[in-house]
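Peer 1: When you line the sequence shown up against our numbering, it's residues 272 to 404, in that order.
No residue lacks a Cβ here, since even glycine has one placed at the ideal position from N, Cα and C.
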Amino acid sequence: MTLGASNGAAGSVYQTIVFTNTSGATCTLLGYPGVSLVSAPPYTQIGLAAQRSSTTPVTTVTLASGATANAVLRVVDALNFGSATCGPTKAAFLRVYPPNQTAPVYLADASQVCAQPVQTLFISAVQAGSGGT
């Protein structure tokens with residue numbers, strides 16, 4: 272996994288998460304990755320995990336060796352919320368669980384996030400291609 276293109280919009284940043292099949296065999300992905308922002312090791316979760324977005328259909332994505340798929344993460348700017356409601360703090364990594372997997376991958380990301388239970392992360396279903404925002 273890698274971070275792909277990112278794009279800002281009013282009050283949010285859209286970050287593409289790219290999944291690449293590095294094996295020699297075809298594989299499939301179906302559904303949503305699990306995503307949260309975490310501190311530096313020991314990787315303590317900060318705030319709420321990403322909520323699933325219904326803006327993209329859930330389809331099975333078949334990846335040949337070397338092929339890519341993507342999911343788009345929307346990160347709402349923590350400064351949109353009052354300090355008392357949000358408790359803004361910097362994260363160090365995105366913790367990403369590929370769909371239907373239990374082992375995470377950690378990707379460096381210094382997003383500002385709410386330490387309080389305010390929903391600031393939204394994730395799309397996995398789609399074919401390297402994506403864009």
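Could you name each continuous alpha helix (DSSP H) segment of 4 residues or more that falls completely within the region 332–358, going from the start of the chain to the end?
Peer 2: 354–357
Peer 1: With 16 as the cutoff for other CB atoms within 10 Å, does asparagine 371 come out buried or exposed?
Peer 2: exposed
Peer 1: Considering only residues of the region 288–313, which uninterrupted beta strand (DSSP E) runs meet the minimum length of 3 residues and lie entirely inside it, listed in chain order?
Peer 2: Entirely contained in the region 288–313, the beta strand (DSSP E) runs reaching 3 residues are, in chain order, 298–301 and 305–309.
Peer 1: Between which two residues does the beta strand (DSSP E) containing leucine 274 stretch?
Peer 2: 273–280
Peer 1: So, at 8 Å on beta carbons, what are the nonlocal neighbours of valine 309 in its own chain, with the 5 sequence-adjacent residues on each side left out?
Peer 2: Thr315, Gln316, Ile317, Ala362, Ala363, Phe364, Leu365, Arg366 and Tyr377
Peer 1: State the start and end residues of the unbroken beta strand (DSSP E) segment that holds leucine 378.
Peer 2: 376–379
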